[in-house]
Structures are given as structure tokens and as C-alpha cells.
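There are 2 protein chains.
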Amino acid sequence: MRNIRMTIAYDGTNFHGWQRQQNAITVQEVLEETLSTVLKAPTAVVGAGRTDAGVHAKTYTCNFKTDCAIPAEKVPFALNALLPEGITVLDATEADADFHARFSAIGKHYRYRILNSRHPDPFEGRYAFFYPQELDIQKMQTAAKDLLGTHDFSAFCSAGATTKTSVRTIYQAEVVKSGDLITIDLYGNGFLYNMVRIITGTLIYIGNGKLPADCIPQLIAEQKRKESGITVPPQGLFFMEAYYEQESAPDSFRNFDSDHSLLRPVASEQVE
Amino acid sequence: MRNIRMTIAYDGTNFHGWQRQQNAITVQEVLEETLSTVLKAPTAVVGAGRTDAGVHAKTYTCNFKTDCAIPAEKVPFALNALLPEGITVLDATEADADFHARFSAIGKHYRYRILNSRHPDPFEGRYAFFYPQELDIQKMQTAAKDLLGTHDFSAFCSAGATTKTSVRTIYQAEVVKSGDLITIDLYGNGFLYNMVRIITGTLIYIGNGKLPADCIPQLIAEQKRKESGITVPPQGLFFMEAYYEQESAPDSFRNFDSDHSLLRPVASEQVE
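Protein chains in written order, with our numbering: chain A, 1 to 272; chain B, 1 to 272.
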């Protein structure tokens, strides 16, 4: 069997997340059905991780096994001709037999976008969380640095998670303001359920003064979800990229962990 | 009666354009109904010009007369609390009694966005025309300069226009490529029905070689719509701004027309 690795992008607005489920349209289901039509055989697709309803993906990796002879470079054109608006295949290549979009990932990059303006923007309603109150960006930037490293992130995980461990490593955490838009970028070896959205809610509470700027080490130590900030809504969250090769991962991965001992998949994770 | 000038922004995807019509939801209708609720009196809104179904507006000026005592600066908050997703009031100020969003305009800026990539982008489907064929940007840039000046633009006007004259002045015409995105910016004293979309379709035909790079003067001279390019779809079109004061208009307006004789409204125009 050939193993084809694909990158796709999707606007999560009209999907109930990545993963197949009863009674709701998901990206995985639409992709598998379209692929099965193109390849004329039932075809399962493995994704880099779950995303919640309304969450977007800029570069999402998935893979599928097939006996079909279609050249890999023709797969995006064949699928894009049939896929509904909101899902696009960007690239497809042959992969090693053991490549697995979920288990082979060594890290991921998520972005959360906040529109911090007086009035909403009709072009950002689907792609950012509108938050009109004033935020102290410097405090948020300082606090984000306390996330770096290997910690038990239970305080930043919603109930319902099914992972074996709440320990994850964050390699890089950036808060940038450009005009009215605040962008929070988190890079790590894996993320717990709703972890990016709860971290963002906590940084917002730090920015508006509801929590002190130095609260993160204590929140991590106490491991109590109720002490952290709100879970911000899904439309501001973007799955930006999953990393599979150490060479292609951001410098922060290598700089943080020079012997690469942390660069191993967290196989059982449930991502948001 | 007070005269209130407002700037709004709207995502045109779910509206049948600006102007009120039977059996279809329009921006004007939604805005008038919301305003009438807030002001507790039937209130008509005058807009800077028509836009077609699916066309967007980044900064659209309108005005309304009222006896209501609401402070102008509170109008955006009051309206935004009730308006549906897709329409936002950005600003409201007191205006002179004779200010009229349509008749007082001395010029307008429209932008057309083309996504010129191998594969579509799920985040651009509503905001750009996906055109995957190769385009010669330099030829498009050169040709755009032939649009400048005062001409009869009948060759770039759809049937059904109701204007008295097809003569308009274009002050500035720019074609810029940034990554996969081509942006066409047109600034003029007014635009005929579908004029920006037909000019863009003609520039695309020049870019792909279907029309010679020097065709525009001849198209203008012959005044035949069928010799020009296609009318590109509405979702790539943005009404960017209307200008009312010479001081706030782009430099190109003054540089082009040093005695300001052209800076007068084209009152009867029907814009796209």
C-alpha cells in the first residue's frame, strides 16, 4: 500500500471540528468521502489531531493508505475539484510506510487571534475573538514567558480530557500586537484539550488586571482549572502547523532542548 | 433636524448589495430597520452608492436625518449591539445639513482582489477571485496606466446602467502583487455599473495574453462592451472609501487636476 501525506487548510466555521462524529459534518468525514470518490475505494484519513467546532487550520497534515495509482501531485487538483468551499488540499506527497500524521508529530504550532478594538470588524467575526476592553500587552508578553518549559498543564485543560498525562513542553510563546489585532503563538510538543484557549483566556485576564502578571507559575503548581482564565471562543483559534522532522521545526525546538530528548511524539494526546 | 454622518463596514457575502429591494435582504434595509429601532422613529439612510450582491465595503459612508437626542458618539455602540454579524458601524459624527453621502462625494476608491495560486485558499473564498492561471503582472501594470484620465468608459459598463453620461475620471490605477494575491486599486470621481469588475476582467485578459497589453486606448475609443474582458465575480470587490473633502482625498486627485475643476460630484451615477 502507498502512504500519501497531505497538507490541507480549512475554515472551521461550518464544520464540527476535524474528527468524525454522529449527526454533525466534520472535516475528516468530508475529506474521507471525497477521497473515497476520487480513489473509487473506501479510504480512511489520519489527521494530526482533533480540532473543535469552529477552529480553523492553516496547514494541517494528514495521511492515507491507498492502492490507487494516481500520481501524488494530482491528488490536490482531483480533491479540490470536488471538495466543498472551506476545505482545500494544498499538497500531497509519497511518505514512508510508517509515517502517521498523529503519532509521528514532534510538535505543533497554534495561533489565537484577538480583535482588540472599539467596534467589531465584519471581516474578522469568523476569524478572531472580539474583545473591546483595554489590555496591557506588556504584562501579557511577560506572563507568556512563564509558560515555557515542561510542566503539568492541568490548570489549562478542560474537563473531559482522556490523556494519560497532563505534562507538555512549550518551546515558544509569543504575544504580538499589530494595529487592533493581538496574536498569541504557542509552539509545543503537544497540547491538552482546550489548552490554547484557556491559556489565551488567562493571558486576557492578566492583560485586563483580573489576574496578576506573575500568576502563571502558581497556576501551574496548583493544577486547578477554576483558578485560570476563561476558555475563549473557538473562532480565534488556528491550527497553524504540525512538525515531523527536526530540521523543519522552529529553532526554538532545538534551542530549548539541545539533546532532542523532548522531541518525541506524545502519542496519547488529545489536542483541541 | 440633525444630519448624522456614519461610516460602516460590511461583509457582502450574505447581503443582496446595499440598496433596498423586494424579496432580498440588503445592507440598507437592515441598517434602516436597526436605526429605526434605536431612534424609535422610522429613519431613512442615504448611502455613498450602490454595491452589488456579494460586494464588500471596508469604509462606506452614509447619512441620516433625525430629531433624536442621542449623542453621535453613542450611535455606533447602540447600533452594533443590535446589528447582525456582517455589518458594523465604525463611526458617527454630526454633519452639515446639506451633507449627502451620495451627492457630496467627490471620489471613490475601489479594490479588487485576485488569488493567483495553484490551489484555492479556504480563507479567501469569500474575499477574492480565485484565478489559478499565470498572469503577467508587468503587462497588467502598464495597461492600467492607460485608464488614467477623463474618458467615456462605455466599453467597461454592463447593460442596464441608467446614468446620463459614461464619462468618468480615473485619478489613480495600481496593480500590486504580494505573495499569491494581486490587488487592483482604482480611484476615480465615479464608477459606472460593473466598471471595476469589467476593468479587472480586461486586465486579467491582458495578463493571460488574450488581449494585447496596449488594448485599453482602443477599447475606450470603440466603446464596445463585448470587446473588453469578462465581468469578474463580486466577492473580490471592496468599496474601500468615498471622499468628500479635497483635503482628505488621495494626492492623486489633486496632482491630476490642479485646478480642482474635476473634483465635483457625478450626481447621477450608478455605481457597482
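A virtual CB, placed ideally from N, CA and C, is assigned to each residue, including glycine.
Sub-8 Å separation of residue i and residue j beta-carbons
i, j, result
"residue 244 of chain B", "residue 44 of chain B", "no"
"residue 65 of chain B", "residue 2 of chain B", "yes"
"residue 130 of chain A", "residue 228 of chain A", "no"
"residue 55 of chain A", "residue 17 of chain A", "yes"
"residue 147 of chain A", "residue 198 of chain A", "no"
"residue 231 of chain A", "residue 190 of chain A", "no"
"residue 111 of chain B", "residue 183 of chain B", "yes"
"residue 187 of chain A", "residue 160 of chain A", "no"
"residue 172 of chain B", "residue 250 of chain B", "yes"
"residue 79 of chain B", "residue 26 of chain B", "no"
"residue 169 of chain B", "residue 213 of chain B", "no"
"residue 237 of chain B", "residue 176 of chain B", "no"
"residue 253 of chain A", "residue 107 of chain A", "yes"
Supposed close pair residue i, residue j - CB separation, criterion 8 Å
i, j, result
"residue 9 of chain A", "residue 58 of chain A", "6 Å"
"residue 70 of chain A", "residue 30 of chain A", "No, residue 70 of chain A and residue 30 of chain A are not in contact; Cβ-Cβ is about 19 Å, not under 8 Å."
"residue 48 of chain B", "residue 102 of chain B", "6 Å"
Alpha-carbon to alpha-carbon, residue j and residue i
i, j, result
"residue 124 of chain B", "residue 134 of chain B", "18 Å"
"residue 118 of chain A", "residue 218 of chain A", "33 Å"
"residue 52 of chain B", "residue 215 of chain A", "52 Å"
"residue 128 of chain A", "residue 42 of chain B", "34 Å"
"residue 62 of chain A", "residue 225 of chain B", "48 Å"
"residue 207 of chain B", "residue 166 of chain B", "26 Å"
"residue 114 of chain A", "residue 122 of chain A", "14 Å"
"residue 149 of chain A", "residue 246 of chain A", "18 Å"
"residue 163 of chain B", "residue 248 of chain A", "58 Å"
"residue 180 of chain B", "residue 81 of chain A", "20 Å"
"residue 109 of chain B", "residue 239 of chain B", "7 Å"
"residue 255 of chain A", "residue 158 of chain B", "60 Å"
"residue 132 of chain A", "residue 204 of chain A", "11 Å"
"residue 36 of chain B", "residue 144 of chain B", "43 Å"
"residue 28 of chain A", "residue 98 of chain A", "20 Å"
"residue 209 of chain B", "residue 22 of chain A", "50 Å"
"residue 89 of chain B", "residue 77 of chain B", "8 Å"
"residue 50 of chain A", "residue 136 of chain B", "41 Å"
"residue 11 of chain A", "residue 11 of chain B", "16 Å"
8 Å Cβ cutoff, residue i in contact with chain A
i, result
"residue 237 of chain B", "no"
"residue 9 of chain B", "yes"
"residue 14 of chain B", "no"
"residue 125 of chain B", "yes"
"residue 134 of chain B", "no"
"residue 90 of chain B", "yes"
"residue 47 of chain B", "no"
"residue 272 of chain B", "With a pLDDT of only 44 at residue 272 of chain B, under 50, the local geometry of the prediction cannot be trusted, and no value is derived from it."
"residue 86 of chain B", "yes"
"residue 233 of chain B", "no"
"residue 42 of chain B", "no"
"residue 212 of chain B", "no"
Beta carbon proximity, residue i to chain B, threshold 8 Å
i, result
"residue 61 of chain A", "no"
"residue 219 of chain A", "no"
"residue 70 of chain A", "no"
"residue 241 of chain A", "no"
"residue 25 of chain A", "no"
"residue 80 of chain A", "yes"
"residue 76 of chain A", "yes"
"residue 33 of chain A", "no"
Residue from the options with nearest C-alpha to residue i
i, options, result
"residue 211 of chain B", "B/79, B/6 and B/140", "B/140"
"residue 116 of chain B", "B/220, B/240, B/107 and B/178", "B/178"
"residue 222 of chain A", "A/151, A/180 and A/35", "A/151"
"residue 7 of chain B", "B/85, B/237, B/241 and B/37", "B/241"
"residue 91 of chain B", "B/84, B/73, B/101 and B/82", "B/73"
"residue 96 of chain A", "A/236, A/5 and A/37", "A/5"
"residue 126 of chain A", "A/103, A/234 and A/203", "A/234"
"residue 174 of chain A", "A/251, A/185 and A/84", "A/185"
"residue 38 of chain A", "A/75, A/11, A/252 and A/94", "A/75"
"residue 60 of chain A", "A/132, A/24 and A/100", "A/100"
"residue 120 of chain A", "B/176, B/85 and B/239", "B/85"
"residue 32 of chain A", "A/68, A/83, A/252 and A/77", "A/83"
"residue 67 of chain A", "A/204, A/203, A/144 and A/94", "A/94"
"residue 154 of chain B", "B/220, B/89 and B/209", "B/220"
Chain-ordered residues of the segment 96-122 of chain A with a beta carbon less than 9 Å from chain C: The chain inventory of the structure shown lacks chain C, comprising the protein chains A and B.
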